[in-house]
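Engineer: Protein chains in written order, with my numbering: chain A, 1 to 261; chain B, 10001 to 11004. I'd like to ask you about the structure that follows.
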Amino acid sequence: MDPQLTEVSQLFERFKAAFVRKDFDTCTNFLSQLKVLLTKFVSLPPLFENTPNAVNELLLAGEIYEHAVVLSVKIEDQDAFERDFFQLKPYYTDVGSRLPLSQQEYLILGLNLLRLLVQNRIAEFHTELELLSATALENPCIKHAVELEQSFMEGAYNRVLGARQTAPHETYVYFTDLLAKTVRDEIAGCSEKAYNYLAINDARQMLLFSSDQELFEYCKEVSVQVTSIISIKCEFFFKGFGKQRLFRLVPNDCRSILSRR
Amino acid sequence: MPAAAATMVSSAGGLLAMLNESHPQLKYHALSNLISFVDQFWPEISTSVPIIESLYEDEEFGQQQRQLAALLVSKVFYYLGELNDSLSYALGAGPLFDVSEDSDYVHTLLSKAIDEYVSLRSKAAESSDEAAKVDSMLEAIVERMLDKCIMDEKYQQAMGIAIECRRLDKLEEAITRSDNVHGTLAYCINASHSFVYRREYRQDVLRLLVKVYGKLPSPDYLSICQCLMFLYEPEGVANILEKLLRSENKEDALYAFQIAFDLVENEHQAFLLNVRDCLSAPKSLPSESVQPGSSSPAHAQNENSTAPEDVQMTNGSSAIHEADPKEVMYAERLTKIKGILSGEASIQLTLQFLFSCNKSDLLILKTIKQSLEMRNSVCHSATIYANAIMHAGTTVDTFLRDNLDWLSRATNWAKFSATAGLGVIHRGHLQQGRSLMAPYLPQGGAGGGSPYSEGGALYALGLIHANHGEGIKQFLRDSLSGTNVEVIQHGACLGLGLAALGTADEDIYDDIKSVLYTDSAVAGEAAGIGMGLLMVGTATEKASEMLAYAHETQHEKIIRGLALGIALTVYGREEEADTLIEQMTRDQDPILRYGGMYALALAYRGTANNKAIRQLLHFAVSDVSDDVRRTAVLALGFVLYSEPEQTPRIVSLLSESYNPHVRYGAALAVGISCAGTGLSKAISLLEPLTSDVVDFVRQGALIAMAMVMVQINEACDSRVGTFRRQLEKIILDKHEDTMSKMGAILAAGILDAGGRNVTIRLLSKTKHDKVTAVVGLAVFSQFWYWYPLIYFVSLSFSTTAFMGLNYDLKVPKFELLSHAKPSLFEYPKPTTAPTTTSAVKLPTAVLSTSAKAKARAKKEAEQKANAEKSTGPESSSAAANTGKGKSSSEKDGEAMQVDNPPEKKSEPEPSFEMLTNPARVVPAQEKFIKFLEDSRYVPVKSAPSGFVLLGDLCPNEPEVLSLTDSPTSASSPAGGSAAGQQSSSSAMAVDDEPQPPQAFEYTS
């Protein structure tokens, strides 16, 4: 066996050990070294040179990047996820025909779809979706993401929020949580356009919060530049989501006053 | 795994993602891979350009990595079409940017880089700042490119770039390393003339070329001498000529003669005189025997009856001295070359040619004369002008002699110009010029003659000796100082200016200046012009003196004369003249601004300099004075004459101006720059102007049209025929305005100028400007104010002939092939006589039908002659040929028409024609001329026209000469007799016309 390949696989074993131990700092460290080592293999993307060990090397590299993607979810680093996923992608799209199907493939593709949904990059979501085969669409992981997107688009936000329970893999939880926030952002964005003012009760219901406190915290969170909720003549104002327009939340009993104006 | 080879990446996303990795090695890996995929994935990469840019700017990143990033960004920008950004990053990529790579990217960026470098370099040179501003990276790239061109033996490219970049070091390298140094040098000379706009820099280039030429084992002396002439280095030329003349080899001597003829063609009198004076005298000969050679014109004047000098010289020297044969040979050759350099040889040969081949059509003049109203003096003198122009240089004054009564109606200034017209007709008749004019010249205070004819005679002498006035200048000076009649002064100033054109002779200048300071309007105007002519192209400080006087004087005429004179002094000086031009164009006085336009025109003559064109166009539309606007447009013609195709395009809008002056200017601009080209676009532009609503626009357009169409016949462009008929109609129309009538008469003259054997040419064959011709046209365009200046147009005429000369500078029998239908370039058919007395009937109606028949008949005759020529034994046919040629040409084909009508519809026209030396070769015909390979004579240089020295392959056989010295030698007794006849009232000096040449056997 090629000494380089041996070196990489040994390092990868140590990485996996650390991964199981959930020692993520060590993992990141190892991963960086692994990536550098991988650059020396000419059989890998983008060169794809036909060396005797090509299949072994491709398999190993693919596995390393798959772990890297999962690791990035574990450490909740979306940028790293994107980076690693793009580096992994050629292994699925370009050499997929030469390699046995990876166990992780659909899981990771699903994760990526979910990530796009979370980041609200719907166009890219659909581009990715179009690239998938019919069999892939049957896979529960992919199906999960597609269903979520449908609910999201329909506006069936309660279903989206309930998706946490139906997640096909533990790594999905991270994204479903994030998705809930995306949903709220979406709702808030619509409300901002739709309403001149909104009663706190209604707002809470609409944004699917259980208490007013949560609502106020959310308000603070999404509009970082917004100072606070100001009380002027029993009206609540806050700036909506980084836009300049004022969106007013008013206490329930003030509604009549305002509607009379 | 065969499929593996086909595996390709489908996206650069992975690599782009890798750029964001923290490890530098990963980034490097990504970069180097991206570079190889950029051609395919640049759209994807373009979104990540900011990241790559930041990598390039990252100080912590390794040098090579940063350059790699720069190269990548550069390529992406290239694909995005942002060439400026692309170039700046490519420069950042340093050595990674590979000039030898054969890709669109590299090609595009290289040309961009070179453009950039060129503009920086020329900006640096023009603002005379340090060239340090040029990016060293950019310079490195261009240098790498140049080196590569030289390595790849693409010398022309290398030279072109080197010239543009002002890298003379590289230019020299390219030339010396090329395999065909002569070819590259010739290319380089051509390039430097057509593409180098700044005069100083062009001189630098030429100086370098001369240096390179000098190093060659077998230098191309023709080209060197042309360069040296441009650089004004007479000593260099003289040295080369002397070397060649001293050579044992006859070929070398022929070569020297050829060089001399080529130099003469550029008409740079002062330079030629300098060269002549620099030639050293033969060692063993006493100096007096050389003397006659160096002062030959004067000498010739005194001894009218002498045989051609070279003969005399050889006889004299060999008889007296038993000296070193080498020196004798050198002396003999020296005399010849001095004869050539002084212009005498070429002038004499031209004169003979024009005389013997004169094809002018007296009937046209007769028609004009008859159709004119008696009292209209403008048209009367216009006819005299037209006659002079038509017969310019042919010495044929039949028309004048036949119509003495009519001629005598010319009074005052008309008399002046009538007399001066003789000068045009006898132009170049150096030996007998003075005796011809003797009856009219001032008689040393004896009075009697009219001052007008005396002044005119002095002007005529100037015209005869234009640019070759060594012998006559003293006489003109004496005449000038011996009179205080302003008309005579006027003629003398013009004559002196012409004779001493461009010699910058201080004494003459002072003489003329004293006339100027008499502040007489008539004399002062001529003095201004005369001073300018004297100082042509010297950029002398005297210009400011003249300018000062122009501010001082009250007379508009003087101001105008001076303004033109000042303009003449800056002839060809390009940027050097800018201060003066600025001064003149900013002046309050419109006449001086008008002079400024001429200064612009002459300083930038034939350069097509963009700056000058822009300035002129600006004045053409913005000046308040019509005169200035008209001149500004007209001046465009001078700036653009080297690229005649451009002019119609540039002035086309102006020719539709509401202002008639601008339209007039546009017409003349086209006429000047497209003169003699017959350019279709030019004719189309002028055509509507010839029927303009304003009379003087019609006048200008007619004249311009004639200038464009000179020597073009109907077979080439049918519009020539239309135009001829139009002229006739205007002349015959009683109700036509005088102005346009005059234009039509002049146009008729120009159209058939010089016996139909000359064209208007402002560039010599080596693409140098012909000083005399340009100056002539510039002064000619002044006829708007002063009709006698019309005669200046004769300076711009150049004979269209091929003249092969042997070692004795005689014209041997020699044939050459014109590979085109003869009808394309033949003489226009002579007009047929209208039914004798009634001038009202249009002869054109007869023409159109009979012309074809006649043409056919004529061709027939020619064919026959050709056939005979080729079949008949050489020796016997020689005499017969000349006789035949004479009969067919001189009898106007009328006889033929009677003889040959039955043969009308036979045989198609032959596709070629044999021409006999000396042959008429019109400019358009030049490209069809071929030399026969099995001929006895071999041309020294294969030029299709002009003077060409012929090497004789069988020097021991007797030579057959086809054009002999007969016109001059035969007319020399006539000159002598003229002195006796001068008291006779008719006083047209040469009553005995020189006989047409007789062929004879010449035994050496």
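Even glycine gets a Cβ: it sits at the ideal position worked out from N, Cα and C.
Determine, using beta carbons only, whether Q87(A) comes closer than 8 Å to chain B.
Structural biologist: For Q87(A), the answer is yes, since a Cβ of chain B falls inside 8 Å of its Cβ.
Engineer: Distance, Cα to Cα, L179(A) vs E154(A)?
Structural biologist: 15 Å
Engineer: Taking 8 Å as the threshold (beta carbon to beta carbon), is E295(A) in contact with chain B?
Structural biologist: Nothing in the structure corresponds to residue 295(A), since chain A is present only between 1 and 261.
Engineer: Let's see if you can read the secondary structure: which residues bound the beta strand (DSSP E) around A10801(B)?
Structural biologist: 10801–10805
Engineer: What separation, rounded to the nearest whole angstrom, lies between the Cα atoms of D10058(B) and L10031(B)?
Structural biologist: 14 Å
Engineer: Less than 8 Å between the C-beta atoms of I10672(B) and A10382(B), yes or no?
Structural biologist: no
Engineer: Please state if the CB of S10740(B) and the CB of Q10699(B) are separated by a distance shorter than 8 Å.
Structural biologist: yes
Engineer: Is the beta carbon of Q10203(B) less than 8 Å from the beta carbon of D10262(B)?
Structural biologist: Taking 8 Å as the cut-off, the Cβ atoms of Q10203(B) and D10262(B) do not count as close.
Engineer: Given that Q10025(B) touches chain A, what residues does it touch there, using C-beta distances under 8 Å?
Structural biologist: The answer, in chain order, is V36, T39.
Engineer: Helix, strand or coil: which one does DSSP assign to P10812(B)?
Structural biologist: strand
Engineer: On the CB-based measure, 16 or more other CB atoms within 10 Å of its CB, does N10610(B) come out buried or exposed?
Structural biologist: So N10610(B) counts as exposed.
Engineer: Can you tell me whether DSSP reads R10756(B) as helix, strand or coil?
Structural biologist: helix
Engineer: Can you name, in chain order, every residue of its own chain whose Cβ lies under 6 Å from the Cβ of D10737(B), other than the five neighbours on each side?
Structural biologist: D10695
Engineer: Measure the Cβ-Cβ separation of F10097(B) and I10045(B) and say whether it is below 8 Å.
Structural biologist: no
Engineer: Decide if S10136(B) is buried, meaning its Cβ has at least 16 other Cβ atoms within 10 Å, or exposed.
Structural biologist: exposed
Engineer: Near T10836(B), which residues of its chain fall below 6 Å by C-beta distance, leaving aside the five closest residues on each side in sequence?
Structural biologist: Low local confidence applies: a pLDDT of 43 at T10836(B) is under 50, so the model's placement there is unreliable, with the coordinate-based value given in what follows. Excluding positions up to five away in sequence, the list is empty.
Engineer: How would you call D10733(B), buried or exposed, if buried means at least 16 neighbouring beta carbons within 10 angstroms?
Structural biologist: The residue in question, D10733(B), is exposed, as its Cβ has fewer than 16 Cβ neighbours within 10 Å.
Engineer: Going along chain B in order, which residues have a C-beta closer than 9 Å to the C-beta of S32(A)?
Structural biologist: E10021, S10022, H10023, L10026
Engineer: Just how far apart, CA to CA, sit A10669(B) and T10647(B)?
Structural biologist: 8 Å
Engineer: Quick one: what does DSSP say L10209(B) is sitting in, helix, strand or coil?
Structural biologist: Shown here, L10209(B) sits in a helix according to DSSP, grouped into three states.
Engineer: With 8 Å as the threshold, decide whether the Cβ of T26(A) is near any Cβ in chain B.
Structural biologist: no
Engineer: Express the C-alpha separation of L10110(B) and G10469(B) in angstroms, rounding to a whole number.
Structural biologist: 55 Å
Engineer: Pull up the DSSP beta-bridge partners for V10049(B), would you.
Structural biologist: V10049(B) pairs with nothing; no bridge assigned.
Engineer: Chain A beta carbons: is any one of them nearer than 8 Å to that of M10018(B)?
Structural biologist: yes
Engineer: Between which two residues does the alpha helix (DSSP H) holding E66(A) run?
Structural biologist: 54–74
Engineer: Per the contact definition of three or more C-beta pairs closer than 8 Å, is the region 95–107 of chain A in contact with the region 73–84 of chain A?
Structural biologist: Verdict: no, contact absent.
Engineer: Can you pull the DSSP bridge partners for P10939(B)?
Structural biologist: L10950(B)
Engineer: Quick one: grab the DSSP three-state call for S10054(B).
Structural biologist: Three-state result, S10054(B): helix.
Engineer: Give a yes or no on whether the minimum CB-CB distance between I230(A) and chain B is below 8 Å.
Structural biologist: A caution first: I230(A) carries a pLDDT of 37, below 50, which makes its placement in the model too unreliable to give a value.
Engineer: Alpha carbon to alpha carbon, how far is D10152(B) from F86(A)? Give it in angstroms, no decimals.
Structural biologist: F86(A) and D10152(B) have their C-alpha atoms spaced approximately 45 Å apart.
Engineer: Can you find a C-beta in chain A that's less than 8 Å from the C-beta of G10214(B)?
Structural biologist: At a cut-off of 8 Å between beta carbons, G10214(B) makes no contact with chain A.
Engineer: Per DSSP, D79(A) is paired with what?
Structural biologist: According to DSSP, D79(A) bridges with nothing at all.
Engineer: Would you decide whether D10511(B) is buried or exposed? Buried here means 16 or more other CB atoms lie within 10 Å of its CB.
Structural biologist: buried
Engineer: So what's E10044(B) in DSSP terms, helix, strand or just coil?
Structural biologist: helix
Engineer: Closest to L10456(B) by C-alpha separation, out of R10614(B), I10703(B), S10417(B), Q10067(B), would be which residue?
Structural biologist: Here the sequence assigns Gly to residue 10456(B), which means Leu is not the residue at that position. The residue with the shortest Cα to Cα distance from G10456(B) is S10417(B).
Engineer: Can you give me the C-alpha to C-alpha distance between S10823(B) and G10081(B), rounded to a whole angstrom?
Structural biologist: Their backbone Cα atoms lie some 55 Å apart in a straight line.
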